[in-house]
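Asks: One structure, pasted below without further comment.
2 protein chains.
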Amino acid sequence: MTIRYPNGKKYVPVRTSKSQKLKNPSFSNRGKSLEDELNESNDYYLSRGIAVIHKKPVPVQVVKVSYPARSAARITEAYFGTPSTTDYNGVWKGIYVDFEAKETKIKTSFPLNNIKEHQIQHMQNVTNAGGFAFLIIKFTTLERYFIVPFEMVERKWDRMKAGGRKSITLLEFENTSVEVQPGYIPRLDYLNAVETLMKLYDDKIER
Amino acid sequence: MTIRYPNGKKYVPVRTSKSQKLKNPSFSNRGKSLEDELNESNDYYLSRGIAVIHKKPVPVQVVKVSYPARSAARITEAYFGTPSTTDYNGVWKGIYVDFEAKETKIKTSFPLNNIKEHQIQHMQNVTNAGGFAFLIIKFTTLERYFIVPFEMVERKWDRMKAGGRKSITLLEFENTSVEVQPGYIPRLDYLNAVETLMKLYDDKIER
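Chains G and A, in that order, are what the protein sequence lines are. Quick note: the first sequence uses UniProt numbering, first residue 1, plus one each step. Quick note: the second sequence uses UniProt numbering, first residue 1, plus one each step.
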């Protein structure tokens with residue numbers, strides 16, 4: 001049976017499925033992925049002249065394109081490529097910033113297999129070239145966000161490679177990262193947290 | 001008739017068509033686009049730990065994907081998007097660098113309609129955020145390469161918008177840019193030219 005509103009529109013029940021409920025635990029964050037939240041925040045930074053930070057497009061290897069008359073070129077065969085970098089980079093106060101954003105539904109730790117070897121390598125390169133690399137980890141179920149220095153993740157990565165733990169505990173994030181409280185505008189003022197992080201951890205800003 | 005080498009491989013004549021001849025005027029540069037030359041140079045910079053600079057992927061809006069059994073996901077419908085930035089960015093000696101690379105076959109000037117409004121806007125934003133924006137212009141027929149400060153292009157762009165010339169002359173490049181001689185490894189040592197340019201033009205490096 002289809003239920004309709006008086007205006008004829010179909011009634012679409014909200015939060016019927018369990019998975020949707022789990023994905024969007026609170027009203028404020030309903031339906032927003034970390035990517036959406038970061039894109040919004042980056043739009044805000046750009047519009048205020050605070051920073052120029054963009055998400056990189058996913059690399060796509062285009063094989064076939066058709067050109068229908070009077071229409072836009074249409075790609076009819078293509079494949080996803082493998083990125084050689086992190087997803088986000090840009091400039092803020094003359095500093096090159098570079099980061100990867102990751103979500104986990106787990107409540108007590110973040111599995112390191114969410115991060116790829118090439119991303120670790122890239123962030124090492126960035127650090128060596130004088131940029132500032134970090135990660136944004138969102139615990140979706142807890143709705144908690146951490147700005148994590150790359151050095152900390154690298155240490156845990158090396159420990160894992162040597163046969164150690166395959167994850168970083170929530171407690172470790174609480175002790176070594178800066179937590180961001182989500183807001184309205186901007187949704188995530190992560191650069192404010194990065195500033196705090198740099199003061200705590202990094203001497204690279206003293207150029 | 002198919003001509004074959006003794007090893008059975010087909011004989012493929014080199015430089016038969018006129019267009020190929022025009023496109024690749026010299027042996028050293030045969031078949032290489034400016035993009036290839038820059039990618040090679042960036043690979044060199046990365047491998048030597050000099051800089052981390054990548055070309056951004058072309059944005060593609062994916063509509064349909066099929067998942068054939070035992071094969072990689074295949075995109076069957078997608079469209080080219082519009083980039084909101086320049087093509088290249090990265091970090092070198094702690095400096096955020098951002099540039100657009102353009103080729104022209106014209107021998108005496110570079111038409112400004114090769115540059116898009118959103119690219120000018122992006123380079124203004126980058127400059128304001130403390131990054132270093134520039135352009136690499138290749139006169140393909142002359143095989144000459146210029147590293148051009150964004151400020152110069154911006155000035156010419158504003159002049160065009162006010163009804164002035166729609167191009168930048170070769171002489172203007174010779175007077176206000178740094179020319180790069182193509183080499184072998186790296187193909188284009190453009191960062192060396194950027195360093196010279198910064199010394200000549202820019203006080204932003206004095207942070």
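Glycine residues also receive a C-beta, built at the ideal position from the N, C-alpha and C atoms.
For isoleucine 115 (chain G), I'd like the list of residues in its chain whose CB is within less than 8 Å of its CB, leaving aside the five on either flank, ordered along the chain.
Replies: For isoleucine 115 (chain G), where only same-chain residues beyond five positions count, the Cβ hits under 8 Å are Glu100, Lys102, Leu135, Val153, Trp157.
Asks: Check whether the Cβ atoms of arginine 187 (chain A) and glutamate 40 (chain A) sit closer than 9 Å, and answer yes or no.
Replies: Their beta carbons are under 9 Å apart, which means arginine 187 (chain A) touches glutamate 40 (chain A) by this criterion.
Asks: Just curious, the beta strand (DSSP E) that leucine 135 (chain G) is in, first and last residue?
Replies: Unbroken beta strand (DSSP E) run through leucine 135 (chain G): 132–139.
Asks: Under three-state DSSP, which class holds glutamate 143 (chain A)?
Replies: Here glutamate 143 (chain A) sits in coil by DSSP.
Asks: May I have the straight-line CA-CA distance separating lysine 166 (chain A) from alanine 129 (chain A), to the nearest angstrom?
Replies: Rounded to whole angstroms, lysine 166 (chain A) to alanine 129 (chain A) spans 28 Å at the Cα level.
Asks: Residues bridged to glutamine 61 (chain G) by DSSP?
Replies: DSSP lists G:Tyr79 as partners of glutamine 61 (chain G).
Asks: For alanine 72 (chain A), which of helix, strand or coil comes out of DSSP?
Replies: Looking at alanine 72 (chain A) - three-state DSSP - the assignment turns out to be coil, as it is neither helix nor strand.
Asks: Compute the Euclidean distance between the alpha carbons of valine 52 (chain A) and tyrosine 45 (chain A), then round it to the nearest angstrom.
Replies: Taking the straight line joining both Cα atoms gives about 7 Å.
Asks: So which residues of chain G does serine 84 (chain A) contact, with C-beta pairs closer than 8 Å?
Replies: Near serine 84 (chain A) (Cβ distances below 8 Å), the residues of chain G are His54.
Asks: Along the region 110–136 of chain G, where does the CB come closer than 8 Å to a CB of chain A? Name the residues.
Replies: From the region 110–136 of chain G, only His122, Asn125, Val126, Asn128, Ala129, Gly130, Gly131 have a Cβ closer than 8 Å to chain A.
Asks: Using 9 Å as the threshold, is the C-beta distance between isoleucine 95 (chain G) and glycine 131 (chain G) below it?
Replies: Contact: yes.
Asks: If distances are taken between C-alpha atoms only, which option among A:Val91, A:Lys138, A:Leu171 comes closest to asparagine 125 (chain G)?
Replies: When only C-alpha atoms are compared, the closest one is A:Val91.
Asks: Out of curiosity, what's the CA-to-CA distance linking threonine 196 (chain A) and glutamate 179 (chain A)?
Replies: About 10 Å.
Asks: Going by DSSP, name the residue or residues bridged to residue 208 (chain A).
Replies: Outside the shown range of chain A, which is 1 to 207, sits residue 208 (chain A), and nothing can be said about it.
Asks: What are the start and end residues of the beta strand (DSSP E) that includes serine 167 (chain A)?
Replies: Residues 167–169.
Asks: At which residues does the beta strand (DSSP E) containing tyrosine 88 (chain G) begin and terminate?
Replies: From DSSP, the beta strand (DSSP E) with tyrosine 88 (chain G) extends over 88–92.
Asks: So isoleucine 120 (chain A) is in the beta strand (DSSP E); what residue range does that whole segment cover?
Replies: Run containing isoleucine 120 (chain A): none in the beta strand (DSSP E); it sits in the alpha helix (DSSP H), 117–128.
Asks: For alanine 51 (chain G), which beta-bridge partners are listed by DSSP?
Replies: Looking at the DSSP assignment, alanine 51 (chain G) forms a beta bridge with G:Trp92.
Asks: In the DSSP output, what is glutamate 179 (chain A) paired with across the bridge?
Replies: Glutamate 179 (chain A) pairs with A:Phe146.
Asks: What do you get for glutamine 119 (chain G), buried or exposed, if any count of 16 or more other CB atoms within 10 angstroms of its CB means buried?
Replies: Buried, by the Cβ-count rule.
Asks: For leucine 142 (chain G), collect the residues of the same chain with a Cβ closer than 7 Å to its Cβ; drop the 5 residues on either side in sequence, then sort them by chain order.
Replies: Counting only Cβ-Cβ distances below 7 Å, and skipping sequence neighbours, we find Lys107.
Asks: Report the partner residues of glutamate 110 (chain A) according to the DSSP bridge assignment.
Replies: A quick correction: the sequence has phenylalanine, not glutamate, at residue 110 (chain A). Bridge partners of phenylalanine 110 (chain A): A:Ile168.
Asks: Can the beta-carbon of isoleucine 147 (chain G) be found less than 9 Å from the beta-carbon of alanine 193 (chain G)?
Replies: Result yes, Cβ atoms of isoleucine 147 (chain G) and alanine 193 (chain G) sit closer than 9 Å.
Asks: So the candidates are G:Ile185, G:His122, G:Glu172, G:Pro182; which of them puts its Cα closest to the Cα of proline 111 (chain G)?
Replies: Checking every option, the nearest Cα to that of proline 111 (chain G) belongs to G:Glu172.
Asks: Compare the Cα-Cα distances from tyrosine 145 (chain A) to each of A:Ser109, A:Val62, A:Lys64, A:Val60 and report the closest residue.
Replies: Looking at the Cα atoms, A:Ser109 is the closest of the given residues.
Asks: Which residue wins for smallest C-alpha separation from glutamate 151 (chain G), given the options G:Gly183, G:Lys105, G:Ala162, G:Met198?
Replies: The shortest Cα separation from glutamate 151 (chain G) among G:Gly183, G:Lys105, G:Ala162, G:Met198 belongs to G:Met198.
Asks: Report yes if the C-beta distance between proline 182 (chain A) and glycine 81 (chain G) is below 9 Å; otherwise report no.
Replies: Result no, Cβ atoms of proline 182 (chain A) and glycine 81 (chain G) do not sit closer than 9 Å.
Asks: Going by Cα to Cα distance, which pick from A:Ala78, A:Ser177, A:Ile168, A:Asp87 is closest to alanine 72 (chain G)?
Replies: For the residues A:Ala78, A:Ser177, A:Ile168, A:Asp87, the minimum Cα distance to alanine 72 (chain G) belongs to A:Ala78.
Asks: Which residue from G:Asp43, G:Arg74, G:Tyr67, G:Asn89 puts its Cα closest to that of lysine 64 (chain A)?
Replies: It is G:Arg74.
Asks: What would DSSP say about alanine 66 (chain A), mapped onto helix, strand or coil?
Replies: A small correction: the amino acid at residue 66 (chain A) is serine; alanine does not occupy that position in the sequence shown. If DSSP states are grouped into helix, strand and coil, serine 66 (chain A) belongs with the strands.
Asks: With 16 as the cutoff for other CB atoms within 10 Å, does proline 68 (chain G) come out buried or exposed?
Replies: Counting Cβ neighbours within 10 Å, proline 68 (chain G) comes out exposed, since fewer than 16 surround it.
Asks: With 16 other CB atoms within 10 Å as the buried threshold, where does threonine 169 (chain A) fall?
Replies: Per the 10 Å Cβ criterion, exposed.
Asks: Let me check understanding here. Comparing Cα to Cα, which of G:Leu200, G:Tyr184, G:Leu34 lies closest to asparagine 175 (chain G)?
Replies: Among G:Leu200, G:Tyr184, G:Leu34, the Cα nearest to that of asparagine 175 (chain G) is on G:Leu200.
Asks: Which residues in the same chain as lysine 55 (chain A) place their Cβ atom closer than 6 Å to its Cβ, once the five residues preceding and following it in sequence are excluded?
Replies: Asp87, Tyr88.
Asks: According to DSSP, is serine 41 (chain G) part of a helix, a strand, or is it coil?
Replies: It is helical.
Asks: Is any beta-carbon of chain G found at less than 9 Å from that of leucine 197 (chain A)?
Replies: Not an interface residue.
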